[in-house]
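K.L.:
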Amino acid sequence: MKDAFGQLENTFIDAHTHIGGVSYTNMLLGGYPYSQSVNELLKEMNTNGISHAITTPFPVFYGHRKEVLVDEALAQVLLQYEKSPYCFANRMMLEEIKIFGERRFFPFVLMALNKDLEKQIEYISKLSEKYKIYGVKLYTVYDNVCLSEMINSHIFTQFLKRYKYPIMIHSSFDGAGDANDIVKFAEAYPEININIAHMARFKKKSLKEIKKLSNVYLDFSPFLMLCEFMKNIKKDDGNGLFCDLNYGDPFDVLCYITEEFPQKIMYGSDAPFYTVFEYSDMKSKEETRFVYKDTVKLLYKLPENIRERVVSKNVIDFLFGKK
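Quick look at the structure:
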């Protein structure tokens, strides 16, 4: 596979990272992370042998932290100056990549499905005349709009097909980011590739359907944190909604998912969201710490042919289609 980058085989690609934009909620409340620059991410990539990365801006202020009124107030101020949702963050990301790392990144622009869709498409189309864009990132759980609701949205689906943009979508345990809903859109549009990020939250029913769909991929970002979450969630899984895995042994989980979904699994770090500090109730601070290199080390324990699929072949197929 060749692109503006040149030859892409045998590369080591991180399929899920963030640069550009600012999480105002985290910044104002002392949470982390609140931003990341291209150069900061490049430092991590270079240290850990990562050749390329799919990246997208931080979810700026269309956030799920509804109890933080200052965030909503700030959003209203910023909206007075934005031509469409995420236009500042998308432009910042693309310009920064162009200056500092154009041959290292596959940028995906953010879109909000709950506001000014036509304006967003018009603005992204203009951006595409100046910058190379590789796909679209969605936070449907923040928009409170299910992806299945877009099945009959001609303007949205034609936009994706016109530019041949794949979708990366943030999955959630329930609500509008539920993988069971995302699968419905994937079934309706087999020509549009979709990465259901965060391993579709290991939901049994979703993963069973995903196996049948050649256009659906899965990144397992942020892997160690995700395993930690699942270890706790599985304890209370009385209805058997989630895969019954030994989440206390991340390498065992990695071996299972790469064997079970050999042509779908993609490595993603979710950088810098592998370390998170946040206030859950404005008083108690929750903290989860991991580092970039820990998951990379696990990947090198995999057989070379499997690792090559996870960090290169599957990601290239997701970006450009199977050849």
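Numbering (my numbering), first residue to last: 1271 to 1593. Ideal placement from N, C-alpha and C gives every residue a C-beta, glycine not left out.
(1) Pick out whichever of Glu1392, Glu1479, Asp1386, Leu1572 has its Cα sitting closest to the Cα of Arg1432.
(2) Would you call Asn1280 buried or exposed, if buried means 16 or more other Cβ atoms sit within 10 Å of its Cβ?
(3) May I ask you to report which of helix, strand or coil DSSP gives Ala1382?
(4) Can the beta-carbon of Ala1467 be found less than 8 Å from the beta-carbon of Asp1448?
(5) Alpha carbon to alpha carbon, how far is Glu1352 from Ser1484? Give it in angstroms, no decimals.
(6) For Pro1377, which beta-bridge partners are listed by DSSP?
(7) Any idea what DSSP makes of Leu1408, helix, strand or coil?
(8) On a Cα-Cα basis, can you pick out the residue from Arg1559, Val1453, Thr1326, Leu1430 that is closest to Val1546?
(9) Could you tell me the boundaries of the alpha helix (DSSP H) in which Asn1458 lies?
(10) Counting only the same chain and skipping the five closest in sequence on each side, list residues whose C-beta sits under 7 Å from that of Ile1503.
(11) Looking at Leu1408 and Ile1437, is the spacing between their C-beta atoms short of 8 Å?
(12) Output the boundary residues of the alpha helix (DSSP H) element that contains Leu1430.
(13) Grouping DSSP H, G and I as helix and E and B as strand, with all else coil, what is Thr1317?
(14) Does Thr1326 pass the burial test, meaning 16 or more other C-beta atoms within 10 Å, or should it be called exposed?
(15) Going by DSSP, which residues form a beta bridge with Met1536?
(16) Which word fits Pro1655, buried or exposed, when buried means at least 16 other C-beta atoms lie within 10 angstroms of its C-beta?
(17) On a CA-only basis, which of Ile1320, Met1362, Asn1318 is nearest Ile1289? Give me that one, please.
(18) Quick one: Cα of Lys1592 to Cα of Ser1423, how far?
(19) Quick check: what's the CA-CA separation for Ile1439 versus Thr1410?
(20) Would the region 1513-1528 and the region 1569-1588 be scored as touching if the rule is three or more Cβ pairs under 8 Å?
(21) Tell whether a beta-carbon distance below 8 Å holds between Lys1474 and Gly1510.
(22) Got a sec, what are the start and stop residues for the alpha helix (DSSP H) Ala1467 sits in?
(23) Taking the alpha carbon of Val1415 as the reference point, which residue from Ala1285, Ala1458, Leu1496, Met1381 has its own alpha carbon closest?
P.N.:
If we stick to the structure as given:
(1) Looking up residue 1432 in the sequence shown gives position 162. Arg1432 has its Cα closest to that of Glu1392, out of Glu1392, Glu1479, Asp1386, Leu1572.
(2) Position 10 of the sequence shown holds residue 1280. With fewer than 16 Cβ atoms within 10 Å of its Cβ, Asn1280 is classed as exposed.
(3) For this step, residue 1382 is matched to residue 112 along the sequence shown. Three-state result, Ala1382: coil.
(4) Taking the sequence shown and counting its residues from 1, one reaches residue 1467 at position 197. Taking the sequence shown and counting its residues from 1, one reaches residue 1448 at position 178. No.
(5) The residue given as residue 1484 occupies position 214 in the sequence shown. The residue given as residue 1352 occupies position 82 in the sequence shown. So the two alpha carbons sit approximately 37 Å from each other.
(6) In the sequence shown, residue 1377 corresponds to position 107, counting from 1. Answer is Thr1325.
(7) Within the sequence shown, the letter at position 138 stands for residue 1408. Reduced to three states, the DSSP call for Leu1408 is strand.
(8) Mapped onto the sequence shown, residue 1546 falls at position 276. The shortest C-alpha separation from Val1546 is found at Arg1559.
(9) Looking up residue 1458 in the sequence shown gives position 188. Per the sequence presented here, residue 1458 reads as Ala, with Asn not at that position. That run of the alpha helix (DSSP H) goes 1449-1458.
(10) Within the sequence shown, residue 1503 is the residue found at index 233, counting from 1. These residues qualify, in order along the chain: Phe1512.
(11) Here residue 1437 corresponds to residue number 167 of the sequence shown, with the count starting at 1. Here residue 1408 corresponds to residue number 138 of the sequence shown, with the count starting at 1. Yes, Cβ-Cβ distance for Ile1437 and Leu1408 is below 8 Å.
(12) Reading the sequence shown from its first residue, position 160 is the one you call residue 1430. Per DSSP, Leu1430 belongs to the alpha helix (DSSP H) from 1424-1433.
(13) Residue numbering aside, residue 1317 sits at position 47 when the sequence shown is read from its first letter. Correct three-state label for Thr1317: helix.
(14) Locating residue 1326 in the sequence shown gives position 56, where the first residue counts as 1. Buried.
(15) Against the sequence shown, residue 1536 aligns to sequence position 266. According to DSSP, Met1536 bridges with Asp1489.
(16) An answer regarding residue 1655 cannot be provided, because it is not within the stretch 1271 to 1593 covered by the chain.
(17) Along the sequence shown, one-based indexing puts residue 1289 at 19. Checking every option, the nearest Cα to that of Ile1289 belongs to Met1362.
(18) Position 322 of the sequence shown, counting from 1, holds the residue named residue 1592. Position 153 of the sequence shown, counting from 1, holds the residue named residue 1423. Looking at the two C-alpha atoms, the distance is approximately 26 Å.
(19) As a first step, residue 1439 is located in the sequence shown; it is residue number 169 there, counting from the start. As a first step, residue 1410 is located in the sequence shown; it is residue number 140 there, counting from the start. Their backbone Cα atoms lie some 8 Å apart in a straight line.
(20) yes
(21) Locating residue 1474 in the sequence shown gives position 204, where the first residue counts as 1. Locating residue 1510 in the sequence shown gives position 240, where the first residue counts as 1. Yes, the pair counts as a contact, with Cβ atoms nearer than the cut-off.
(22) Counting from 1 along the sequence shown, the entry for residue 1467 is found at position 197. Where Ala1467 is concerned, there is no enclosing alpha helix (DSSP H), given that its DSSP letter is neither H nor E.
(23) Looking up residue 1415 in the sequence shown gives position 145. The option with the nearest alpha carbon to Val1415 is Met1381.
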